[in-house]
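Undergrad: Numbering (this note's numbering), first residue to last: 404 to 778. Think of the CB as a built atom: it goes at the ideal place given N, C-alpha and C, for glycine as much as any other residue.
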Amino acid sequence: MRKPKLRELREAIKAIFTGPYTPKTFLTPPESLRGLTKFFEDDCIGCSKCELACTPLAPHEFDYGLGARAAIYIPHGNAIPQIPVLDPDYCIFDGHCARVCPTNCIDFTQQPQELKVQAGAVIIATGLKTTPMGAKKEYGGDKFLNVMNPLAMERVQSSNGPYGHVLRPSDGKIPKSVAYVQCAGSRDKSIGVPYCSRVCCMYALKQAIMIKHQRHDTEVTIYYMDIRAFGKGYEQFYRRALAEGVRVVKGKVGRILEVENHDLALRVELIDEGGGVSEIRHDLVVLSQGTIPGWRPDGAVPIGVDADGFFEIREVTTRPANSSTEGIFVAGVATGPKDIPDAIVEAGAAAMEAAMYLDRTWRRQTELAGAGVEA
Ligand SMILES: Cc1cc2nc3c(=O)[nH]c(=O)nc-3n(C[C@H](O)[C@H](O)[C@H](O)COP(=O)(O)OP(=O)(O)OC[C@H]3O[C@@H](n4cnc5c(N)ncnc54)[C@H](O)[C@@H]3O)c2cc1C
Ligand code: SF4
Ligand code: SF4
Numbered sequence: 404m405r406k407p408k409l410r411e412l413r414e415a416i417k418a419i420f421t422g423p424y425t426p427k428t429f430l431t432p433p434e435s436l437r438g439l440t441k442f443f444e445d446d447c448i449g450c451s452k453c454e455l456a457c458t459p460l461a462p463h464e465f466d467y468g469l470g471a472r473a474a475i476y477i478p479h480g481n482a483i484p485q486i487p488v489l490d491p492d493y494c495i496f497d498g499h500c501a502r503v504c505p506t507n508c509i510d511f512t513q514q515p516q517e518l519k520v521q522a523g524a525v526i527i528a529t530g531l532k533t534t535p536m537g538a539k540k541e542y543g544g545d546k547f548l549n550v551m552n553p554l555a556m557e558r559v560q561s562s563n564g565p566y567g568h569v570l571r572p573s574d575g576k577i578p579k580s581v582a583y584v585q586c587a588g589s590r591d592k593s594i595g596v597p598y599c600s601r602v603c604c605m606y607a608l609k610q611a612i613m614i615k616h617q618r619h620d621t622e623v624t625i626y627y628m629d630i631r632a633f634g635k636g637y638e639q640f641y642r643r644a645l646a647e648g649v650r651v652v653k654g655k656v657g658r659i660l661e662v663e664n665h666d667l668a669l670r671v672e673l674i675d676e677g678g679g680v681s682e683i684r685h686d687l688v689v690l691s692q693g694t695i696p697g698w699r700p701d702g703a704v705p706i707g708v709d710a711d712g713f714f715e716i717r718e719v720t721t722r723p724a725n726s727s728t729e730g731i732f733v734a735g736v737a738t739g740p741k742d743i744p745d746a747i748v749e750a751g752a753a754a755m756e757a758a759m760y761l762d763r764t765w766r767r768q769t770e771l772a773g774a775g776v777e778a
């Protein structure tokens, strides 16, 4: 069988594991990609000439629709490999891209394929999604133009993002006053996310510091119930944010209203600062949304999930990378909310567990074969 290419593996979604002695994993492209994207032949050198020649523009998904992309495009700056995909929904098939391609590798006739990949062990690291913007109706995240998703804020702050710095989505103006609403999708049984998402206090502080660095005169206020600065050096990071002028207000935001000019009025039940309910205006609001599992197996992989939907771990304290099924390992946010350093540690543990498992399986099969027993 042909060895699968990295970009094919990257799209793999369903895994069916048939047991430790005849391990087989069948991977197929995700439903969402079927018919949407086409892949290019191996000759692509990633020069982007096709992208530059293509005129139809579409909202760029990676920038949460705040920037644009061509119909043929490299999905994002850090994509591996740096090879374009073609979106037939926006392509007008005028062939400009094919004419400028120096290696003549664009194939408009390519069809989606189903791949089957045999593997001796599987590591699931399907990460996180954030709670939907409309999860809490009272915040208007799915209605108001200037209520932003924190991942979109990551993109607008990024030097390779759509603007390179923070601008209001409604009018492209520099915001003078930005609010962060903490626990905007966590610690809330009413939306099915009773747990703390662990990373939002720290990413809000990080983004707030970055806004202050880019625009000294922009006020940034974080409304919070608790600041959970739990990791090494995190308390110092929190103190640094305060020293750099980030304001923190202990209080629960009950409702966000859109007022004139797409500005926002926050009704806040203050816990400190004398208590009571205040209405405070801001130009831009970021909802610190909750972390939920990036993928739910729904029977595609025979392993257990816990009450919060994250993959179950057999022995949390001693074998945090082992799932409830032999031969399937788990790492990162797939097992519960965590930050990048913790996800990397788990990835290393999962890789080591998988390597040991393959070694054990191979030894056992060799012994059985030596004894004349068919595995
Ligand atoms: C707004 C925001 C800001 C953050 N900032 C920081 C920060 O500054 N520092 C920090 O330490 N942490 C930060 N975090 C947390 C950080 O994002 C996570 O710790 C990290 O991404 C976890 O890595 P992961 O590999 O487990 O999951 P992910 O990064 O979510 O990666 C999972 C991958 O699996 C893919 N995938 C999902 N399902 C499937 C499937 N079925 N088949 C194939 N592929 C699939 C996804 O597309 C994704 O590429 C932030 C989180 C948010 C929401
Ligand atoms: S054929 Fe499609 S992808 Fe190629 S340049 Fe024209 S519109 Fe863009
Ligand atoms: S990390 Fe902070 S904002 Fe996020 S759920 Fe926990 S306490 Fe709330």
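1. Run the CB neighbour count on Tyr424, radius 10 Å, all protein chains shown included, and call it buried at 16 or more, exposed below.
2. Near Arg590, what residues of its chain come up, given a Cβ to Cβ distance below 6 Å and the 5 sequence neighbours on each side ignored?
3. Any beta carbon of chain B sitting closer than 8 Å to that of Leu669?
4. Less than 8 Å between the C-beta atoms of Ile594 and Ala538, yes or no?
5. On the three-state DSSP scale, how would you describe Tyr542?
6. What does DSSP give as the partner residue(s) for Phe714 in the beta ladder?
7. I'd like to confirm something about Thr533: is its beta-carbon nearer than 7 Å to some heavy atom of ligand 4, or not?
8. Along the chain, where does the alpha helix (DSSP H) that runs through Ala757 open and close?
9. Kindly indicate which residue of Gln514, Leu669, Arg767 and Lys741 has the alpha-carbon position closest to the one of Thr533.
10. Skipping 5 residues on each side, what residues in its chain have a beta carbon closer than 7 Å to that of Gly654?
11. If you drop the 5 nearest sequence neighbours on each side, which residues of the same chain put their C-beta closer than 6 Å to that of Leu761?
12. Taking 7 Å as the cut-off, is the C-beta of His499 nearer than that to any heavy atom in ligand 2?
13. How long is the line joining the alpha carbons of Asn552 and Thr529, rounded to whole angstroms?
14. Using 8 Å as the threshold, is the C-beta distance between Val649 and Val623 below it?
15. Cβ of Ile486 within 7 Å of any heavy atom in ligand 2?
16. Terminal residues of the continuous beta strand (DSSP E) containing Pro700?
17. Run through DSSP, which three-state label would Phe547 get?
18. Runs of 3 residues minimum, wholly inside the region 575-616: which ones carry the beta strand (DSSP E) assignment?
19. Pick out whichever of His568, Val550 and Asn549 has its Cα sitting closest to the Cα of Arg558.
20. Specify the secondary structure class of Phe465 as computed by DSSP and reduced to three states.
21. Compute the minimum distance between the beta carbon of Pro744 and the heavy atoms of ligand 1, and state whether it is under 7 Å.
22. Say whether the region 499-506 touches the region 661-669, bearing in mind that this needs 3 or more beta-carbon pairs closer than 8 Å, one atom from each stretch.
23. Does the beta-carbon of Glu434 have 16 or more other beta-carbons within 10 angstroms, so that it is buried, or is it exposed?
24. Out of Arg767, Gln514, Gly775 and Gly712, which one is the CA nearest neighbour of Val596?
25. Roughly how many angstroms separate the alpha carbons of Gly775 and Thr769, rounded to a whole number?
26. Return helix, strand or coil for Gly735, following the three-state DSSP convention.
27. For Cys586, I'd like the list of residues in its chain whose CB is within less than 6 Å of its CB, leaving aside the five on either flank, ordered along the chain.
28. Can we say the region 705-722 touches the region 604-623, given the rule of at least three CB pairs closer than 8 Å?
29. Please determine whether the Cβ atom of Thr529 lies at a distance below 7 Å from any heavy atom of ligand 1.
30. Answer with buried or exposed for Glu464, where buried requires no fewer than 16 other C-beta atoms within 10 angstroms of its C-beta.
31. Sorry if obvious, but does the Cβ on Trp765 come closer than 7 Å to a heavy atom of ligand 1?
32. Determine the closest residue to Leu570 out of Cys453, Gln692 and Leu469, with distance taken between C-alpha atoms.
33. For Val662, which residues in the same chain have their Cβ closer than 8 Å to its Cβ, ignoring the five residues on either side in sequence?
34. Along the chain, where does the beta strand (DSSP E) containing Arg502 start, and where does it finish?
35. Tell me where the beta strand (DSSP E) around Lys519 begins and ends.
36. Please look up how many angstroms separate the CB atoms of Asp466 and Pro565, rounded, as I've assumed it's under 8 Å.
TA: Reading it off the structure:
1. The predicted model places Tyr424 with a pLDDT of 26, which falls under 50 and marks its position as unreliable; any figure quoted below should be read in that light. Exposed is the call here.
2. Cys599
3. Looking at the structure shown, chain B is missing, and only one protein chain is on hand.
4. Yes, the Cβ-Cβ distance between Ile594 and Ala538 is below 8 Å.
5. helix
6. Val708
7. For ligand 4, the structure offers nothing, since it holds only ligand 1, ligand 2 and ligand 3.
8. Residues Ile743 to Gly773.
9. Lys741
10. Tyr626, Val671, Glu672, Leu673 and Ile674, listed in sequence order.
11. Gly523 and Ala524
12. yes
13. 20 Å
14. Against a cut-off of 8 Å, the Cβ pair of Val623 and Val649 comes out as a contact.
15. For Ile486, the distance from the CB to the nearest heavy atom of ligand 2 is not below 7 Å.
16. It is not in any beta strand (DSSP E) - Pro700 carries neither H nor E in the DSSP assignment.
17. In the displayed model, Phe547 falls within coil according to three-state DSSP, outside both helix and strand.
18. Runs of the beta strand (DSSP E) inside the region 575-616: 580-584.
19. His568
20. In the displayed model, Phe465 falls within a helix according to three-state DSSP.
21. yes
22. In short, these stretches do not touch, since the Cβ pair count stays below three.
23. Confidence at Glu434 is low in this model, with a pLDDT of 43, below 50, so its placement is unreliable and no value can be given for it.
24. Gly712
25. Taking the straight line joining both Cα atoms gives about 10 Å.
26. helix
27. Here the set comprises Met628.
28. no
29. yes
30. exposed
31. no
32. Leu469
33. Same-chain partners within the cutoff: Ala668 and Arg684.
34. Not the beta strand (DSSP E): Arg502 falls in the alpha helix (DSSP H), residues His499 to Val503.
35. No beta strand (DSSP E) holds Lys519; DSSP gives it neither H nor E.
36. The C-beta separation of Asp466 from Pro565 comes to about 5 Å, placing the pair in contact by the 8 Å criterion.
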